[in-house]
Amino acid sequence: MKYITKYKSPNYNSRNNSKIKLVIIHYTALPNLNEAILFLTKKEKKVSSHYLISQDGEIYYLVNEKFRAWHAGQAFWQDNTDINSVSIGIELDYSPRGKNNKFSIKMMSSLKKLIIKIQKKYKITKKNILAHSDVAPYRKKDPGKYFPWESFLGSKIIFDSKNITKSKIRIIEEWFYKNNFTSKKKKIIFSLALIGYDIRNVYSNRKNYNKLIFAYKTRHMNHLDNKKSKSFYFILIQHLYNFLLTKN
Ligand SMILES: [Zn+2]
0 MKYITKYKSP NYNSRNNSKI KLVIIHYTAL PNLNEAILFL TKKEKKVSSH
50 YLISQDGEIY YLVNEKFRAW HAGQAFWQDN TDINSVSIGI ELDYSPRGKN
100 NKFSIKMMSS LKKLIIKIQK KYKITKKNIL AHSDVAPYRK KDPGKYFPWE
150 SFLGSKIIFD SKNITKSKIR IIEEWFYKNN FTSKKKKIIF SLALIGYDIR
200 NVYSNRKNYN KLIFAYKTRH MNHLDNKKSK SFYFILIQHL YNFLLTKN
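Numbering-wise, the sequence shown is residues 0 to 247 according to numbering that gives the first Met the number 0.
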């Protein structure tokens with residue numbers, strides 16, 4: 000794989016021996032590649048990512064993988080709050096309001112190749128290829144609702160949360176019943192927590208609850224062809240079932 004190594008970011012520190020377990024996908028929300036490079040390599044900005052992929056699929060290697068790049072900010076996944084130490088950050092030259100508002104074929108093709116390479120190198124499971132909005136649902140929307148997650152399913156990069164029958168859903172529902180999960184909201188929050196989401200401030204805060212649901216939907220529902228026929232709740236329980244019983 001060919002990288003462009005001419006730009007380097009000074010914005011990193013030590014991982015403190017943490018194992019790399021996650022890949023976090025971002026968009027820059029900047030108007031073009033030049034601005035993205037400037038932003039991610041400028042000391043005063045205090046942000047960076049390991050990789051930046053351009054609209055024509057070129058991969059800029061900005062921070063050595065062995066270091067802790069500063070891309071996730073305040074974040075959370077499966078009880079871990081230092082996401083930068085355990086992840087590799089990939090930025091895409093994309094802005095929802097810019098001329099670069101396409102996840103181009105070349106960009107996506109490079110992204111897939113890069114993820115596959117990282118997955119193999121660090122033995123990262125499919126469940127751990129995440130959106131920035133997964134690990135920071137209260138602050139971040141990237142890579143956004145137009146990011147084509149469905150194109151990843153075919154190449155088996157990400158975990159397929161679908162495809163179980165209704166009878167299996169009953170197993171989860173029976174478990175909820177036996178354990179006194181009386182309200183739907185409680186079941187939803189519990190399921191999202193098991194999958195990995197930060198649920199610490201959702202019970203008392205309606206706004207945060209809605210943000211969390213929005214983050215989940217943009218990540219897991221946009222790609223469903225027949226989304227009208229399946230409710231959010233059904234998709235989530237299906238996801239939970241597969242998540243608990245699938246090794247990868
Ligand atoms: Zn981001």
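Where is the CB? At the ideal position from N, CA and C, for every residue including glycine.
Compute the Euclidean distance between the alpha carbons of residue i and residue j, then round it to the nearest angstrom.
i	j	result
residue 130	residue 142	6 Å
residue 70	residue 48	5 Å
residue 191	residue 198	8 Å
residue 170	residue 218	25 Å
residue 103	residue 205	36 Å
residue 51	residue 134	19 Å
residue 58	residue 4	9 Å
residue 67	residue 61	12 Å
residue 231	residue 83	30 Å
residue 213	residue 26	18 Å
residue 45	residue 244	40 Å
residue 96	residue 145	12 Å
residue 107	residue 98	17 Å
residue 220	residue 158	14 Å
residue 100	residue 56	14 Å
residue 15	residue 65	10 Å
Output the boundary residues of the alpha helix (DSSP H) element that contains residue i.
i	result
residue 149	149-153
residue 212	205-219
residue 33	32-40
residue 182	Element bounds for residue 182: n/a, residue is neither H nor E.
residue 109	104-121
residue 236	231-244
For residue i, which beta-bridge partners are listed by DSSP?
i	result
residue 130	24
residue 76	79
residue 67	12
residue 91	26, 52
residue 86	21
residue 60	50
residue 187	DSSP lists no partner for residue 187.
residue 3	59
With a cut-off of 8 Å on the beta carbons, I'd call residue i and residue j a contact; round off their distance for me.
i	j	result
residue 132	residue 125	That belief does not hold up - the Cβ atoms of residue 132 and residue 125 are roughly 18 Å apart, past 8 Å.
residue 137	residue 207	6 Å
residue 54	residue 81	About 32 Å separates the two Cβ atoms, so there is no contact after all.
residue 276	residue 160	Examination of residue 276 is not possible in this model, given that the chain is present from 0 through 247 alone.
residue 94	residue 29	6 Å
residue 111	residue 156	6 Å
Between which two residues does the beta strand (DSSP E) harbouring residue i extend?
i	result
residue 137	Premise fails: residue 137 is in no beta strand (DSSP E) and is neither H nor E.
Decide yes or no for the touch test of the segment 17-25 against the segment 85-95: beta carbon pairs closer than 8 Å, at least 3 of them. Counting C-beta pairs closer than 8 Å gives three or more between the segment 17-25 and the segment 85-95, which meets the contact rule.
Count the CB pairs spanning the segment 76-86 and the segment 106-118 that are closer than 8 Å, and state whether there are at least three. Here the segment 76-86 does not lie against the segment 106-118, with fewer than 3 beta-carbon pairs under 8 Å apart.
Is it the case that the segment 179-191 contacts the segment 142-160, given that we only count it when at least three CB pairs across the two stretches are under 8 Å? no
Count the C-beta pairs between the segment 27-35 and the segment 2-12 that are closer than 8 Å, then say yes if the count reaches three, no if not. no
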